[in-house]
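Novice:
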Amino acid sequence: MKNAGLRNGLLGGVVVVFYFALLYVANKEAFLNTGLQWASMGFYLLFMYRAARADCAQYGSRRDFREILRTPFIVFILINLFYWLFYYGLHLADPDLVRLELLAEKQMYQSHLIRGAGDPQQANQLREQIAEVDKALLRPVQPLGPVITRMAMGALGGFALSAGIAAFLRTPE
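In my numbering, each number is its position in the sequence shown, counted from 1, plus 23.
1. Can you tell me which of L113, F182 and A27 puts its alpha carbon nearest to the alpha carbon of P166?
2. Assuming N50 is part of the alpha helix (DSSP H), what are its boundary residues?
3. So, for T57: in the same chain, excluding its five sequence neighbours on each side, which residues have a beta-carbon less than 6 Å away from its beta-carbon?
4. Could you check where the alpha helix (DSSP H) with D157 kicks off and where it finishes?
5. Considering only C-alpha positions, which residue in the set N50, L59 and I153 is nearest to H135?
6. Can we say the segment 28-47 touches the segment 81-101, given the rule of at least three CB pairs closer than 8 Å?
7. With DSSP collapsed to three states, give me the class of S185.
8. Please name the residue, chosen from G141, V39 and Y72, that lies closest to W61 on a Cα-to-Cα basis.
9. Whole angstroms is fine: what's the gap from L125's alpha carbon to S84's?
Next comes the structure, spelled out in structure tokens:
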């Protein structure tokens with residue numbers, strides 16, 4: 024495959040899915056661990072940088088910033104798509120994963136409430152959120168809407184990472 028963005032995006036997507044599959048098989052709590060989730064950004068950056076470097080080697084680094092930015096952003100979008108498809112599919116296949124996430128969310132709200140919200144209105148909002156989580160725990164299902172929203176928000180971060188890589192690799196004219 025000659026297109027560096029497509030090649031690195033597909034390979035990076037497979038690597039990220041494999042990483043999360045290993046975490047899931049090892050321990051569901053590890054799969055949900057925020058630190059381990061963010062650690063996967065190392066794979067994103069590696070494949071984005073490799074693709075951008077290959078693109079600059081082929082077409083030059085004195086091009087317009089937007090042209091250099093395109094390749095690492097395509098890589099990010101592809102890897103992110105692989106991740107979110109895996110994430111959503113896994114949550115559909117294993118409702119216990121949704122239950123674990125809801126219980127962690129409930130525990131977070133309860134700990135905020137126990138420490139003291141400081142404001143009675145905030146305390147009431149926390150109680151309402153706990154009641155919503157309790158309701159969701161009765162029938163844990165992963166809705167598609169929040170997954171798409173988080174994927175779109177991730178694309179904004181991916182654009183910022185791509186811009187950083189492009190700025191690093193671009194040679195001023």
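Cβ coordinates follow ideal geometry from the N, Cα and C atoms, glycine included.
Specialist: According to the structure shown:
1. L113
2. Segment: none, N50 is in no alpha helix (DSSP H) and carries neither H nor E.
3. none
4. P143 to L161
5. I153
6. yes
7. helix
8. V39
9. 47 Å
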